[in-house]
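Notes follow the structure.
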Amino acid sequence: MVSYKELGLVNTREMFAKAIKGGYAIPAFNFNNMEQLQAIIKAAAEEKSPVILQVSKGARNYANATLLRYMAQGAVAYAKELGWENPQIVLHLDHGDSFELCKSCIDNGFSSVMIDGSHLPYEENVALTKQVVDYAHQYDVTVEGELGVLAGVEDEVSADHHTYTDPEEVIDFATRTGCDSLAISIGTSHGAYKFTPEQCTRDPKTGLLVPPPLAFEVLDAVMEKLPGFPIVLHGSSSVPQEYVKTINELGGKLPDAIGIPEEELRKAAKSAVCKINIDSDSRLAMTAAIRKVFHDKPGEFDPRKYLGPARDEMERLYKHKIENVLGSNGKAE
Ligand code: G3H
Ligand code: 13P
Ligand code: ZN
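Letter 53 of the sequence shown, counting from 1, is numbered 52 in numbering that gives the first Met the number 0, and no numbers are missing.
Structural data, given as structure tokens:
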């Protein structure tokens with residue numbers, strides 16, 4: 000058993016309570032490799048922002064679970080080296096799909112886990128989430144549950160097949176499971192294609208697609224049922240059009256990629272939404288930067304010469320999110 004406390008990590012409890020009170024949200028950035036982790040930690044350390052390092056099952060399989068744990072431990076030391084005296088860093092399992100996976104993460108240094116039973120029938124979701132909570136809380140690890148289904152390219156279903164969270168279920172779910180935070184569905188989805196062009200309108204001036212608004216009425220109803228309870232938004236990448244343009248102009252193919260407008264995320268961050276998940280934007284930043292090097296310098300083959308600029312671009316992106324979207328800068332001095 001490796002306790003996250005020995006690794007210098009923290010759970011989400013205090014962090015979320017402060018974020019709700021302060022009207023900001025904590026960034027939850029996914030990482031799969033060293034460059035992403037370096038960029039996240041540099042951005043968080045310089046911004047003095049609490050941060051959640053998110054690891055998916057896919058990331059664990061890609062990078063190796065043991066290595067990831069040591070990387071998170073190294074991240075705490077790196078943050079201190081960068082002058083962040085009291086780093087507030089969470090290591091979180093993203094979309095855990097079984098008790099065994101959650102247990103393995105808890106036993107190996109994670110300070111927070113998500114058990115995603117959102118695709119299960121309600122009672123099965125309750126039972127599985129409670130099983131994870133009962134185990135996690137023995138070790139002071141916090142647990143995120145999910146109610147309502149997000150659509151996304153990963154599921155090969157279109158964005159209009161999602162089911163918004165039913166506000167009538169949230170009190171029962173939170174009470175019976177004992178979960179520490181709740182991911183809800185209000186119209187976001189995973190990946191770089193969050194809406195079909197048919198669901199959008201077109202801005203006559205720019206010609207760009209304008210997505211339909213998020214269902215803030217569902218968020219409001221959830222907050223009314225569970226005042227002060229930490230709410231999580233998945234699928235919150237904005238899919239910056241400058242990255243999409245660069246990628247498409249330099250040999251890529253991301254037609255009609257579209258995300259959540261930052262304005263809507265800013266609004267959400269001021270509410271009980273205290274964790275905002277961003278993965279795709281970092282993938283786009285990395286891909287655009289690498290494509291640019293390959294285009295401008297076709298003779299380049301030293302990975303540091305293209306992964307370095309990719310890392311710099313991700314750091315810029317993370318800082319922008321922290322300062323201009325989530326408002327978490329300066330909250331972990
Ligand atoms: O919600 C999904 C995250 O973006 C992680 O994606 O399963 O491809 O690592 P992944
Ligand atoms: P995006 O695909 O919008 O970045 O969402 C990431 C996410 O929700 C990870 O759990
Ligand atoms: Zn997600």
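Every residue gets a Cβ at the ideal spot worked out from N, C-alpha and C, and that includes glycine. These numbers were taken from a predicted model, which means no experiment stands behind them.
Got a sec, what are the start and stop residues for the beta strand (DSSP E) SER111 sits in? 111-114
Nearest-angstrom Cα distance between ALA44 and TRP83? Going from the Cα of ALA44 to the Cα of TRP83 covers about 5 Å.
Member of PRO203, ARG265, PRO226 and LEU225 whose CA lies at the smallest distance from the CA of SER237: ARG265
Which residue comes first and which comes last in the beta strand (DSSP E) that contains GLN53? 50-55
Considering only residues of the region 279-321, which uninterrupted alpha helix (DSSP H) runs meet the minimum length of 4 residues and lie entirely inside it, listed in chain order? 279-295 and 302-319
Between the C-alpha atoms of PRO254 and GLY206, what's the straight-line distance to the nearest angstrom? 14 Å
Contact between the region 291-299 and the region 256-270 is defined here as three or more beta-carbon pairs at a separation below 8 Å; is this criterion met? no
Mind reading off the beta-carbon distance from GLU122 to LEU146? Whole number of angstroms is fine, and I expect it under 8 Å. 13 Å between Cβ atoms; not a contact.
Who are LYS274's beta bridge partners in DSSP? ILE25 and VAL231
Taking only runs of the alpha helix (DSSP H) that begin and end inside the region 199-225, which ones reach a length of at least 4 residues, in chain order? Runs found: 215-224.
Do SER110 and LEU8 have their CB atoms nearer than 8 Å? yes
Using a 10 Å radius around the Cβ and a threshold of 16 neighbouring Cβ atoms, would you call PHE172 buried or exposed? buried
Compute the Euclidean distance between the alpha carbons of GLU332 and LEU36, then round it to the nearest angstrom. Going from the Cα of GLU332 to the Cα of LEU36 covers about 20 Å.
Is GLY147 near the ligand G3H - that is, is its Cβ less than 7 Å away from at least one heavy atom of it? no
Taking DSSP as the reference, what is the three-state secondary structure of ALA182? strand
Contact check, VAL209 vs THR200 under 8 Å by CB: the rounded distance? 5 Å
C-beta contact flag for LEU100 and GLY116 at 8 Å: no
Measuring only from the beta carbon, is SER55 closer than 7 Å to any heavy atom that is part of the ligand G3H? yes
CA-to-CA distance, MET222 to ALA288, given in whole angstroms: 39 Å
Among residues of its own chain, excluding the 5 on either side of VAL272, which ones have a beta-carbon nearer than 8 Å to its beta-carbon? ALA24, LEU218, ILE230, VAL231 and LEU232
Quick one: Cα of GLY57 to Cα of ASN63, how far? 10 Å
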